[in-house]
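Enquirer: Its first residue numbered 1394, the sequence shown is counted upward by one per residue in this note's numbering.
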Amino acid sequence: AYKPTVYVLFLFFQILGAVILGFGIWILADKTSFIAVLQMSSPSLKTGAYILIGVGALTMLMGFLGCLGAVNEIRCLLGLYFTCLMIILLTQVAAGLVIYFQKETLKDELSNIVKDLIENYDPLNEGEMKNLQDTWNYVQIQIACCGWNGAKDWENNEILSNKSYTEYPCSCSNRSKDLEEGRDFCDLDGAVNGTVTFADWPVHEQGCMDGVEQWLIDNLGVILGVCTGVAVIELLGMILSISLCKNIHSEDYTKVPKS
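1) My assumption, with CB atoms under 8 Å, is that Val1589 sits in contact with Ser1557. Please give the rounded CB distance.
2) Please state whether the Cβ-Cβ distance between Ile1446 and Leu1414 is less than 9 Å.
3) If you draw a straight line from the alpha carbon of Asp1527 to that of Gly1540, how long is it in whole angstroms?
4) Roughly how many angstroms lie between the CA atoms of Ile1418 and Asp1593, to the nearest whole one?
5) For Asn1530 versus Asp1580, is the C-beta spacing smaller than 9 Å?
6) Just the Cα atoms here: how many angstroms apart are Val1412 and Asp1582?
7) Grouping DSSP H, G and I as helix and E and B as strand, with all else coil, what is Cys1579?
8) Return the bridge partner residues of Ser1566 from the DSSP annotation.
9) Rounded to the nearest angstrom, what separates Thr1476 and Ile1420 at their Cα positions?
10) What do you reckon, are the CB atoms on Cys1638 and Leu1471 nearer than 9 Å?
11) Where do the ends of the alpha helix (DSSP H) carrying Ile1534 lie?
12) For Glu1560, does the three-state DSSP call read helix, strand or coil?
13) Quick one: Cα of Glu1573 to Cα of Ile1534, how far?
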């Protein structure tokens, strides 16, 4: 009675494993979003990506072994599937707790990464640093933000400081024409009396930190829903696999496919 449901769950875990594996690879390969800023500057995110790849591959392998055990009624394979599934679930819970209790540390690390990028931003940079700058420009345009805490962060940039802040980052601009030009720094229009500051720039007032936090708040329901759904299905997989295992009274290992 359990078998059809278990087969569906095993198929689901094959798909889930492929998604987790793909997500880990995407983090390492992505060069055009906020993730790229993190993974090029933060060893912890790279480590997390490799862990995701490992968990994804293990989930796919366990899905295959679990299906093999269910089809051929092999208790040891179902038991192995149950054990590995429990380890994966406990790992996910532990990772969630670490992120929750270390969120301030992660926030500070991210703040230092972005502020260092802004201070050393130079249109003449090439290679990896240029890619990182392009990615940050993309983030500021997409979130409609400027700097990490606000536009004032850009006052620490040496190039803008040497030009007495008569230029500003184009990707921060709230004017569409600046974004269309695709340049790094834009000239401040008109004569300005006295000392120029970031307050004179035609840029977004919101810092990207607030933008990222707002995105997380707006999508918190979806994130929690997905995580809860995955956890519930994993628990169902564990319960049904162990129930099927108990219903197998004797094992016939001759059913196991041989190479």
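A virtual CB, placed ideally from N, CA and C, is assigned to each residue, including glycine.
Expert: Inspection of the coordinates gives the following:
1) Residue 1589 sits at position 196 when you count from the first residue of the sequence shown. Residue 1557 sits at position 164 when you count from the first residue of the sequence shown. Right, the Cβ-Cβ distance comes to about 6 Å (below 8 Å), so this counts as a contact.
2) The count along the sequence shown starts at 1 and reaches residue 1446 at position 53. The count along the sequence shown starts at 1 and reaches residue 1414 at position 21. In this structure, Leu1414 lies closer than 9 Å to Ile1446 by Cβ.
3) Here residue 1527 refers to the residue found at position 134 when the sequence shown is read from its first residue. Here residue 1540 refers to the residue found at position 147 when the sequence shown is read from its first residue. So the two alpha carbons sit approximately 14 Å from each other.
4) Taking the sequence shown and counting its residues from 1, the one referred to as residue 1418 is at position 25. Taking the sequence shown and counting its residues from 1, the one referred to as residue 1593 is at position 200. Note on geometry: alpha-carbon atoms of Ile1418 and Asp1593 lie some 42 Å from one another.
5) Position 137 of the sequence shown, counted from the start, is the residue given in the question as residue 1530. Position 187 of the sequence shown, counted from the start, is the residue given in the question as residue 1580. Taking 9 Å as the Cβ cut-off, Asn1530 and Asp1580 do not qualify as a contacting pair.
6) As a first step, residue 1412 must be located in the sequence shown, where it is residue number 19. As a first step, residue 1582 must be located in the sequence shown, where it is residue number 189. If I take the Cα positions, the gap works out to 49 Å.
7) Here residue 1579 refers to the residue found at position 186 when the sequence shown is read from its first residue. If DSSP states are grouped into helix, strand and coil, Cys1579 belongs with the strands.
8) Position 173 of the sequence shown, counted from the first residue, corresponds to residue 1566. Answer is Val1596, bridged to Ser1566.
9) The residue labelled residue 1476 in the question sits at position 83 within the sequence shown. The residue labelled residue 1420 in the question sits at position 27 within the sequence shown. Distance between the alpha carbons of Thr1476 and Ile1420: 28 Å.
10) As a working note, residue 1638 is residue 245 in the sequence shown. As a working note, residue 1471 is residue 78 in the sequence shown. Taking 9 Å as the Cβ cut-off, Cys1638 and Leu1471 qualify as a contacting pair.
11) Against the sequence shown, residue 1534 aligns to sequence position 141. Where Ile1534 is concerned, the enclosing alpha helix (DSSP H) stretches over 1520 to 1536.
12) Mapped onto the sequence shown, residue 1560 falls at position 167. Looking at Glu1560 - three-state DSSP - the assignment turns out to be strand.
13) One-based indexing of the sequence shown puts residue 1573 at position 180. One-based indexing of the sequence shown puts residue 1534 at position 141. Between Glu1573 and Ile1534, the C-alpha separation is close to 11 Å.
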